[in-house]
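Take the sequence shown: its position 97, counted from the start at 1, is 81 in the working numbering, and no numbers get skipped. First comes the structure, then the notes that go with it.
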Amino acid sequence: MNRNKMIMYVLLVMALLIIALPLAGCAGSGSTAGTTAKETTAATAAATTAGGAVAKNEISIKGNAFNPDNLSIKVGDTVTWINNDSYAHTVKAKTGEFDSGNIASGGKFSFTFSKEGTYDYICAIHTSMTGKIVVTK
Ligand SMILES: [Cu+2]
């Protein structure tokens, strides 16, 4: 009965393989948890607020002239005059709302307009220098 034993043995091995293979397959295909590390490039959105900030409502005084010599603003706005000449000037409203007095070379004068209207002004030293501020709501 050697032959029968052989067959039994082969059948047993085959049976074991049939049972074992799927298990081995499961074990083999274990956790393929590939942690794909997504690189987050630190986007440093450089919010560079324009370096040379162009100041609002500035009037340059140069060459015996106001520049701009006609400026429109809103109620509550502040206007700043900057004397870029090498000698003094003034900023004086014809109707008296403001008067800077002497603004030395390099000096500034600011005035906040709280009422709407048209403000004509001059330099009291050089009366041919004229300017206008138009204030609206
Ligand atoms: Cu002047």
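Note that the Cβ used here is the ideal one computed from N, Cα and C, for glycine as well.
May I ask you to check if the CB of residue i is nearer than 6 Å to at least one heavy atom of ligand 1?
| i | result |
| --- | --- |
| isoleucine 109 | yes |
Just to confirm, are residue i and residue j a CB contact at a threshold of 7 Å?
| i | j | result |
| --- | --- | --- |
| glutamate 100 | threonine 79 | no |
| alanine 88 | alanine 72 | yes |
| lysine 76 | aspartate 83 | yes |
| asparagine 54 | lysine 116 | yes |
Which same chain residues, not among the five before or five after residue i, have their C-beta less than 8 Å away from its C-beta?
| i | result |
| --- | --- |
| valine 59 | Phe97, Ser98, Lys99, Glu100, Val119, Thr120 and Lys121 |
| threonine 62 | Asn41, Ser94, Phe95, Thr96 and Phe97 |
Sort the options by Cα distance to residue i and report the nearest one.
| i | options | result |
| --- | --- | --- |
| histidine 110 | Ile45, Asn54 and Lys40 | Ile45 |
Go through its chain and collect everything with a Cβ distance to residue i's Cβ below 6 Å, but skip five positions before and after it.
| i | result |
| --- | --- |
| threonine 64 | Glu42, Lys92 and Ser94 |
| alanine 108 | Thr74 and Lys76 |
| threonine 114 | Ile106 |
| serine 56 | Val118 |
| aspartate 104 | Lys78 and Lys116 |
| glycine 47 | none |
Beta-carbon within less than 7 Å of residue i's beta-carbon, same chain only, minus the 5 sequence neighbours each way: which residues are those?
| i | result |
| --- | --- |
| serine 112 | none |
| asparagine 123 | Because the chain is modelled from -15 through 121, residue 123 falls outside the range shown and cannot be assessed. |
| threonine 102 | Lys116 and Val118 |
| glutamate 81 | Tyr103 |
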